[in-house]
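Take a look at the structure set out below.
Protein chains in written order, with my numbering: chain Y, 5 to 129; chain S, -17 to 260.
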């Protein structure tokens, strides 16, 4: 166990979380501005659940429309960056533990990553 | 209601939720769902989707401060994330199968529990320092800075803590909340970790736990941009202000007030679920 490198790992994890959340918030904000360009239209009925449009549910659909600056897709794209932030943190930790030659925790972090990827792939179908 | 008014009201409410959540340490997510369903009459599935993304935002935002101060334990967090992510998968699976009445009732019970947990008087800390075989093999130990000196600790009752964490993950995936109160229970009470380490490590884990069910929510269409946008930005703004204003002091009266709000919302959720209004 080497404490200096534990501290280094801590600091770089903190930095990457901050970057991820900031970018996500900016993209969601930009989408929000575009979304409110027609401020006076009534809101759809949210009292009953109908699930959002299929194009706003998959990574492929969202990225395609987000690059065409579709406001709703842009918000979703920001939210995907947000969801990706903790996942990137786990990947970051895998490399961090590997550099510390901590085989046990490189393995445990990889297991957490696999569970996350499994859930995302379940989500994609 | 117009789009502008709807987002403005949601944004304002979410700032307040994020602020109170950060100041009391209970997180903003726990009030977002009841407020959206009871006040704005939004379907509970949209509410859960919006709450979950706001939970990822606040947890990752606040983790920055805690991790930098060396308070949260990345190894303990990572190990317990195996339990919470598996639990979150189960929870997200259950949301599609359980009726919204039951989700509302379970939500109410969790609100009442969170309120009670926040009222509990902080007793003298019972920190485990004697190493046990499992904790040593899993390297579940560390030290944290407290009033200038380093305090060493090691985890006790690892299997029990792991089990409670699985439950915390399930609740998080089912209800779209961080379930910080249950995570703290697992670390502080079961594993006898220092309170500061428990709360900050819990916060650090919430993002990963929530990400495990967020993908499933997104593909099921629970995350609507019109609702999630003001909620995510509002809760994040509130939480950032909250952590800036008061990093360490958690005012007692505010905490009591927030606890009573949670109790009211808890009973209202149970009643609404029971009577079929949700």
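No residue lacks a Cβ here, since even glycine has one placed at the ideal position from N, Cα and C.
Contacts around residue i, its chain only, beta-carbon distance under 6 Å, and the 5 residues preceding and following it disregarded
i	result
residue 123 of chain S	136
residue 24 of chain S	18
residue 206 of chain S	28
residue 62 of chain S	147
residue 159 of chain S	11 and 12
residue -3 of chain S	216, 219 and 220
residue 161 of chain S	150, 153 and 154
residue 16 of chain S	247 and 251
residue 124 of chain Y	none
Sheet register partners of residue i (DSSP bridge)
i	result
residue 63 of chain S	Beta-bridge pairing links residue 63 of chain S to no other residue.
residue -16 of chain S	Y:46
Straight-line Cα distance separating residue j from residue i
i	j	result
residue 183 of chain S	residue 42 of chain Y	42 Å
residue 6 of chain Y	residue 112 of chain S	Per-residue confidence for residue 6 of chain Y stands at a pLDDT of 46, beneath the threshold of 50, marking its modelled position as unreliable; no derived number is given.
residue 82 of chain S	residue 27 of chain S	8 Å
residue 222 of chain S	residue 1 of chain S	8 Å
residue 6 of chain S	residue 97 of chain S	11 Å
residue 86 of chain S	residue 107 of chain Y	43 Å
residue 129 of chain S	residue 112 of chain Y	32 Å
residue 56 of chain S	residue 14 of chain Y	8 Å
residue 87 of chain Y	residue 38 of chain S	7 Å
residue 3 of chain S	residue 89 of chain Y	21 Å
residue 202 of chain S	residue 255 of chain S	22 Å
residue 150 of chain S	residue 77 of chain S	15 Å
residue 108 of chain S	residue 66 of chain S	24 Å
residue 28 of chain Y	residue 115 of chain S	42 Å
residue 219 of chain S	residue 47 of chain S	15 Å
residue 74 of chain Y	residue 59 of chain S	38 Å
residue 80 of chain S	residue 173 of chain S	32 Å
residue 89 of chain S	residue 200 of chain S	21 Å
residue 3 of chain Y	residue 257 of chain S	It is not possible to answer for residue 3 of chain Y, since the shown part of chain Y is limited to 5 through 129.
residue 186 of chain S	residue 93 of chain Y	10 Å
residue -9 of chain S	residue 26 of chain Y	23 Å
residue 104 of chain Y	residue 64 of chain S	21 Å
residue 235 of chain S	residue 62 of chain Y	45 Å
residue 126 of chain Y	residue 72 of chain Y	27 Å
residue 37 of chain Y	residue 30 of chain Y	11 Å
Segment limits, beta strand (DSSP E) that includes residue i
i	result
residue 19 of chain S	Neither: residue 19 of chain S is in no beta strand (DSSP E) and is coded neither H nor E.
residue 126 of chain S	123 to 128
Residue i - containing alpha helix (DSSP H), residue span
i	result
residue 136 of chain S	Premise fails: residue 136 of chain S lies in the beta strand (DSSP E), 131 to 136, not in any alpha helix (DSSP H).
residue 50 of chain S	26 to 50
residue 166 of chain S	162 to 166
residue 90 of chain Y	75 to 103
residue 226 of chain S	207 to 227
residue 199 of chain S	177 to 202
residue 70 of chain Y	63 to 71
residue 99 of chain S	82 to 101
residue 144 of chain S	140 to 157
residue 258 of chain S	Segment: none, residue 258 of chain S is in no alpha helix (DSSP H) and carries neither H nor E.
residue 119 of chain S	115 to 119
Beta-carbon proximity list for residue i, same chain, < 7 Å, skipping 5 on both sides
i	result
residue 8 of chain Y	Residue placement at residue 8 of chain Y is poorly supported in this model, since its pLDDT is 46, which falls under 50; the coordinates still yield a value, given next. Contacts found: none.
residue 32 of chain Y	79, 82 and 83
residue -7 of chain S	212, 215 and 216
residue 59 of chain Y	65 and 69
residue 133 of chain S	125, 126 and 176
residue 53 of chain S	126, 178, 179 and 182
Nearest to residue i (by Cα), restricted to the options the options
i	options	result
residue 164 of chain S	S:188, S:176 and S:141	S:188
residue 153 of chain S	S:249, S:195, S:174 and S:120	S:195
residue 139 of chain S	S:224, S:175 and S:101	S:175
residue 259 of chain S	Y:32, Y:73, Y:51 and Y:37	Y:51
residue 93 of chain S	S:186, S:8, S:179 and S:181	S:8
residue 23 of chain Y	S:-4, S:117, S:44 and S:14	S:44
residue 22 of chain S	S:156, S:76 and S:-17	S:-17
residue 285 of chain S	Y:126, Y:39, Y:27 and Y:67	This structure gives no information on residue 285 of chain S, because the portion of chain S shown stretches from -17 to 260.
residue 84 of chain S	S:156, S:171 and S:235	S:156
residue 11 of chain Y	S:49, S:32, S:34 and S:35	S:49
residue 2 of chain Y	S:70, S:-12 and S:91	It is not possible to answer for residue 2 of chain Y, since the shown part of chain Y is limited to 5 through 129.
residue 241 of chain S	S:99, S:40 and S:75	S:99
residue 17 of chain Y	Y:104, Y:95, Y:126 and Y:114	Y:95
residue 120 of chain Y	S:110, S:-9, S:20 and S:72	S:72
residue 34 of chain Y	S:167, S:208 and S:226	S:208
Residue i: CB within 7 Å of a non-hydrogen atom of the ligand COA
i	result
residue 35 of chain Y	Looking at this structure, you won't find the ligand COA or any other ligand, since it has none at all.
Beta-carbon contacts of residue i that lie in its chain and below 8 Å, excluding the five residues immediately before and after
i	result
residue 110 of chain Y	98, 101 and 102
residue 304 of chain S	With chain S represented from -17 up to 260, any question about residue 304 of chain S goes unanswered, as that position is not in the structure.
residue 238 of chain S	101
residue 245 of chain S	93, 94 and 97
residue 117 of chain Y	91, 94, 95 and 98
residue 30 of chain S	15, 77, 85, 157, 158, 199 and 204
residue 70 of chain S	151, 152, 154, 155, 191, 192, 194 and 195
Partners in chain B for residue i, counting only beta-carbon separations shorter than 9 Å
i	result
residue 62 of chain Y	Chain labels in this structure do not include chain B; the protein chains are Y and S.
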